[in-house]
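Data block below; observations after.
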Amino acid sequence: DRAVCVVTHGGMGVTQKALSRGIPVCAVPFGRDQFEVARRVEVARCGTRLPARKLSVPRLRSAVTSAMGMSDGAAMIADGFAATGGVRRGADLVEAQMW
């Protein structure tokens, strides 16, 4: 957990793993749900969004630098994830409905 920013295509798995640890994200979406995940990252101010069609070294550098400054937003998301109780709590809720 020494990363200061995660650069990703904006898939839910990687994005959620990074944010659950309070690490900001630079999302470069290419398709499917990645566009919406990247938009939500940007709106929540826990990272940046860089459209793939605009990808260049200078733009990526700028987006990563900006994302690195959003650790407070990423920490807020991590706190929110932690407050839910995680996977164990989710499993307990499902089991409670089954019995």
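In terms of my numbering, the sequence shown is residues 27 to 125. For glycine and all other residues, C-beta sits at the position ideal for the given N, C-alpha and C.
Measuring C-alpha to C-alpha distances from S88 to each of G99, R115, D98 and L76 identifies L76 as the nearest. Here A53 carries a strand assignment [DSSP, helix/strand/coil].
When only Cα atoms are considered, A101 and V63 end up about 17 Å apart. Between the alpha carbons of I49 and I103 lies a gap of roughly 10 Å. Between V67 and T41 a beta carbon distance of about 7 Å is seen, short of the 8 Å cut, so the two are scored as contacting. Per DSSP, the unbroken beta strand (DSSP E) holding T34 starts and ends at V32 to T34. Ranking G111, R65, G73 and D59 by CA distance to the CA of A44 puts G73 first. With respect to M96, R71 sits close: the two C-beta atoms are nearer than 9 Å. Counting the other CB atoms within 10 Å of its CB gives G99 a total of 16 or more, which places it among the buried residues. The alpha helix (DSSP H) runs of length 4 or more contained entirely in the stretch 30-116 are, from start to end of the chain, 38-46, 60-69, 83-94 and 97-109.
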